[in-house]
Every structure is written in C-alpha cells, then in structure tokens.
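Residue numbering for the sequence shown follows this note's numbering, beginning at 1304 and increasing consecutively.
No residue lacks a Cβ here, since even glycine has one placed at the ideal position from N, Cα and C.
Report on the following structure.
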Amino acid sequence: MAESRVASITPEEHRQMTVQGVGREEEIYTKRFSPAEEQARAETWEVLVRDFLQPRIDRNAVVVDIGAGDGHFITRVAARRRIAVDLSPHVHELASKGVEILQVPATDFAARLNEPADCVFMSNFLEHLPDKRVLLEVLEETRRALRPGGTLMILQPNIRYVGPAYWDYIDHHIALTEHSLVEALEVSGFEVVQLIARFLPYTAKSNT
C-alpha cells in the first residue's frame, strides 16, 4: 500500500468556499443523522461494497472517491491506492485508515494524483454541486484523471423516481434523471456502458 499522502486547501480558501455556500456539510449532517441512522448507513455500505462494488474493482487499482465524506466507500474498498477527495477538513480523519487525502475541489484534483486513476467513484455527490456548469467541469476533470479505459462509477438519486422529496434537503441543488446524467457524461467524453435507473431505495435521509 502506498504511504498516506495529504494535500489541502488553505484555511482562507476554505473560508471563502464556506462564504460561497460550500463547507456547511458537517453542521447539516450532524443535525440530519441520528446514531442509529449512522449505524444503518454503515451496514448498508458494508454490503454494497462487498457484494456489488468490489467485484467490479481490481485490487491493484488506483481508486479515487469524489466527495468522500465519512469514507463509507473508500475505507471499505480494497485497492493499491485509495484516494479521498473532499473539501471538508474532517476528510483528514480517513488518513489513519490508509487513505490518501486531497482536500481540494472536485474541479481540481487530476494533476495531484501523480498517476492516472483506474476507477473514480461518486455517491450522492452531483446533486450538491451549485449548478450544471460546475457539474460538467467535475466530469471533465474526472475524465482527465482517469487512464484510457478507466471507469467512472456514479450512485445518484434519480428525481424521476424520488419526486418532490428530492427537494426536502437544503443541500440539494441539481435535479438529475438517468437521461440527463447520461447526456452530461456523453458531453464530457464518457461512454456509458451500464445504466441502472433504479438501484438502491431512496432513504429517508440524504447526504454526500
């Protein structure tokens, strides 16, 4: 396993992002999730990684988790390098679990990897971006980060099936269906090889 590596934005950069509406996630999620709900989330991720995601990821891969949050995915997946990208200062807590940390925007991480990624993963992330222009920038940056033939995996709430409940959370800004997400991916240079329009149930709470 590679040595844990850390790159961070400066305190002033983080303050500016907070002023712009980014960086309140800890406050929001502390109020949103009870200890029992956190435990249930952890158990769900244990099964999801073991039975669905890990079989699709080579254990010698370089894996990047965009919007890694609490690290439910990146701390469970087996890979040669595991890299968490997140603006939250709390992402540094994942370093103790052998995860490399990039506390940088998702629009500016590719050049910091030192080698191409084999797999980039995003879960419940894109809906938190401020607008679709930034969404396309994130996807284009992700394409730059991946090796030729690399894989982008996205788990994403689908407003087609969720309906108005999608907007029950203050940190949801972008509404996506499977069709609009495919269009964004194709515009950004990706080829979609598998699409599951309905996958996990939409839970009573939502987070990055």
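With a contact defined as Cβ atoms closer than 8 Å, R1384 and E1403 qualify at about 6 Å. In this structure, the straight-line span from the alpha carbon of F1428 to that of T1480 is close to 14 Å. When rounded, the separation of the alpha-carbon atoms in D1471 and Q1459 is 16 Å.
Nearest neighbour of D1389 by Cα position, chosen from L1432, Y1464 and G1466, turns out to be L1432. Using a 10 angstroms sphere on the CB of A1364, the tally of other CB atoms reaches 16 or more, which defines it as buried.
H1482 is classed as exposed because its beta carbon has fewer than 16 other beta carbons within 10 Å across all chains shown.
Exclusion of the five residues before and after T1454 leaves C1422 as the residues of its chain whose Cβ lies within less than 6 Å of its Cβ.
For the 8 Å CB-CB criterion, P1419 and Q1406 do not form a contact. With respect to the 8 Å criterion, L1438 and A1487 are classified as neighbours on the basis of their beta carbons. Distance from the CA atom of Q1357 to the CA atom of A1381, rounded to whole angstroms, is 7 Å. When C-alpha distances from A1413 are compared across K1400, I1386 and G1452, the shortest belongs to I1386. Across the set V1350, R1362, F1502 and T1347, the C-alpha of F1502 shows the shortest separation from the C-alpha of Y1464.
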